[in-house]
DNA sequence: GCCATAAAGCTAACCCTATTAGCCAACGCC
DNA sequence: GGCGTTGGCTAATAGGGTTAGCTTTATGGC
């Protein structure tokens with residue numbers, strides 16, 4: 005009986021592909037094992053269990069997203085960088101409907117790769133905000149605002165929450181333009 | 005053997021309480037049945053199944069949220085109304101960590117109560133935006149932006165996504181202030 | 001008051017997923 | 001070529017959801 009020759013990387017990579025096809029909720033060890041041509045319990049040689057698998061998938065997706073955000077913002081500044089990054093963000097979420105929700109898991113402190121990926125993603129946002137002259141507490145608030153707006157939009161869109169016929173692209177464009185305006189006069193009012 | 009005397013309302017209400025305690029993901033028919041002092045299959049006399057239960061829970065939570073948003077905005081206008089509504093939104097999500105995520109399910113078209121609840125919630129937002137002079141497509145875009153920002157913030161907060169020590173209340177306040185600024189000059193740029 | 005019927009509960013059985021234990025065989029190294 | 005490591009397997013357990021079919025309670029018409 006020849007071996008399939010799996011390792012953790014391959015298992016997680018296939019899990020990511022499967023998640024994108026069927027959705028993160030429907031990602032099941034049974035289906036994954038079937039995909040890999042292996043019996044279900046064999047997966048336990050490579051991952052600790054279902055939860056650990058998703059955590060690893062989160063690390064992978066976060067790293068991918070961080071890279072795409074960084075690339076998008078490279079060589080741009082201010083509103084240009086913001087728009088490019090926002091587009092990259094939404095684009096990733098739409099191309100990877102299964103991986104994207106996994107990126108919202110908080111990184112496992114025991115997984116250095118995961119932690120680094122998370123820092124890279126936040127760092128990319130920070131860099132864009134620096135272009136608006138934001139640092140310190142203001143940058144923290146602005147980062148949270150940006151993440152909230154992008155994540156909120158993208159997840160409502162994925163959930164089918166936008167019923168009306170009005171073009172979603174236009175709405176996203178407006179949202180990002182609104183963020184640009186806000187960041188220009190950040191912090192918006194005195195506490 | 006005396007009857008417990010359940011009905012769908014009671015089952016869904018208890019499901020909502022349980023979800024708030026253990027999380028929507030951990031809401032299980034088995035646990036719910038135990039709570040209600042009934043065997044698991046008995047629940048099928050009142051709900052079609054696990055998925056239908058969550059959909060009913062979504063209808064309940066959406067109705068509650070719509071009411072709270074409407075109440076918060078009543079008697080206020082402009083930035084005042086926006087802030088009151090945003091506070092009510094986050095407050096609901098924090099008081100009801102299990103119900104809140106259920107509100108993001110798209111309403112079941114076959115459930116008139118659910119549909120109405122969804123319309124009331126969106127209507128409350130629309131009313132606030134009318135205070136900014138927004139109507140038509142602009143209001144659609146602004147509604148999506150507002151929902152995205154609030155939902156994004158609240159769900160990142162619930163997921164523990166805000167690691168830094170910076171006060172979360174302050175960040176939320178800034179986010180809402182930023183929305184206020186944006187809505188004042190909406191639409192932000194020409195398409 | 002009585003009985004027919006609908007509704008509310010039950011048990012039993014089945015399927016699917018995750019997990020653990022323990023066995024066996026393939027691969028890699030010396 | 002032996003031999004340890006390790007990647008795969010089967011079997012078994014537990015938990016959740018679902019369906020079928022039975023029993024008993026409440027209820028309403030007469």
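Chains as they are written, first to last, in my numbering: chain B, 5 to 195; chain E, 5 to 195.
Yeah, the Cβ is synthetic: ideal placement off N, Cα and C, and Gly gets one too.
Just so it is clear, the structure is predicted and the values come from calculations on it, not from any experiment.
Per-residue contacts from residue i into chain B (C-beta, under 8 Å)
i	result
residue 55 of chain E	The contacting residues do not exist; residue 55 of chain E stays about 11 Å from chain B at best.
Expected contact under 8 Å - CB spacing of residue i and residue j to nearest Å
i	j	result
residue 193 of chain E	residue 174 of chain B	No, residue 193 of chain E and residue 174 of chain B are not in contact; Cβ-Cβ is about 11 Å, not under 8 Å.
residue 190 of chain E	residue 138 of chain E	6 Å
residue 72 of chain E	residue 96 of chain E	5 Å
residue 98 of chain E	residue 62 of chain E	With a Cβ gap of about 18 Å, residue 98 of chain E and residue 62 of chain E do not count as contacting.
residue 75 of chain E	residue 121 of chain E	About 14 Å separates the two Cβ atoms, so there is no contact after all.
The ligand GDP heavy atom lying under 7 Å from the CB of residue i
i	result
residue 66 of chain B	The ligand GDP is not among the ligands present in this structure, which contains no ligands whatsoever.
Coarse secondary structure for residue i, derived from DSSP in three states
i	result
residue 15 of chain E	helix
residue 100 of chain E	coil
residue 50 of chain B	coil
residue 62 of chain B	helix
residue 175 of chain E	helix
residue 195 of chain E	For residue 195 of chain E, the predicted model reports a pLDDT of 49, less than 50, meaning its position is unreliable; a value from the coordinates is still stated below. Residue state, collapsed to three classes: coil.
residue 80 of chain E	coil
residue 86 of chain E	helix
residue 10 of chain B	coil
residue 115 of chain B	coil
residue 42 of chain E	coil
residue 140 of chain B	helix
residue 182 of chain B	helix
residue 166 of chain B	coil
residue 22 of chain E	helix
residue 190 of chain B	coil
residue 196 of chain E	Lying outside 5 to 195, the shown extent of chain E, residue 196 of chain E is not represented and no answer is given.
residue 33 of chain E	helix
residue 110 of chain E	coil
residue 156 of chain B	helix
residue 28 of chain E	coil
Contact set between residue i and chain B, taken where Cβ atoms lie within less than 7 Å
i	result
residue 181 of chain E	192 and 193
residue 26 of chain E	Simply none; closest approach about 16 Å.
residue 185 of chain E	185, 186, 189 and 192
residue 7 of chain E	Residues of chain B passing the Cβ test: none, with the nearest at roughly 35 Å.
Closest residue to residue i among the options (Cα-Cα distance)
i	options	result
residue 161 of chain B	B:104, B:120 and B:181	B:104
residue 94 of chain E	E:9, E:176 and E:119	E:176
residue 179 of chain B	B:90, B:44, B:67 and B:136	B:90
residue 18 of chain E	E:112, E:59 and E:39	E:39
residue 78 of chain B	B:50, B:64 and B:130	B:130
residue 125 of chain E	E:184, E:92 and E:37	E:92
residue 136 of chain E	E:50, E:187 and E:12	E:187
residue 107 of chain B	E:184, E:33 and E:159	E:159
residue 14 of chain E	E:50, E:28 and E:45	E:50
residue 64 of chain E	E:182, E:20 and E:148	E:20
residue 84 of chain E	E:165, E:70, E:133 and E:57	E:133
Listed by chain order, chain E residues near residue i by CB distance under 7 Å
i	result
residue 21 of chain B	What residue 21 of chain B touches in chain E: nothing, since even the nearest Cβ is about 24 Å away.
residue 178 of chain B	145, 149, 191 and 192
residue 13 of chain B	Chain E residues near residue 13 of chain B: none, gap ~26 Å exceeds 7 Å.
Closer than 8 Å at the beta carbon, the chain E residues around residue i
i	result
residue 80 of chain B	The premise fails here: residue 80 of chain B is roughly 17 Å from chain E at the closest Cβ pair, so nothing lies under 8 Å.
residue 110 of chain B	163, 164, 165 and 167
* Could you please tell me which residues of the segment 121–149 of chain E, in chain order, have their CB closer than 7 Å to any CB of chain B? => The segment 121–149 of chain E vs chain B, Cβ under 7 Å: 141, 144, 145, 148 and 149.
* Residues, ordered as in the chain, of the segment 44–71 of chain B that lie near chain E by beta-carbon distance below 9 Å -> Residues of the segment 44–71 of chain B with a C-beta less than 9 Å from any C-beta of chain E: none at all.
* Selection of the segment 85–103 of chain E by Cβ proximity to chain B, strictly under 9 Å -> Answer in chain order: no residues at all.
* To do: Taking only beta carbons into account, state which residues of the segment 151–167 of chain E come closer than 9 Å to chain B, listed in chain order.
  => Those would be 151, 152, 153, 154, 155, 156, 157, 158, 159, 160, 161, 163, 164, 165, 166 and 167, in chain order.
* Asked: If you measure beta-carbon to beta-carbon, which residues of the segment 29–44 of chain B are closer than 7 Å to chain E?
  -> For the segment 29–44 of chain B, the set of positions with a beta-carbon nearer than 7 Å to some beta-carbon of chain E is empty.
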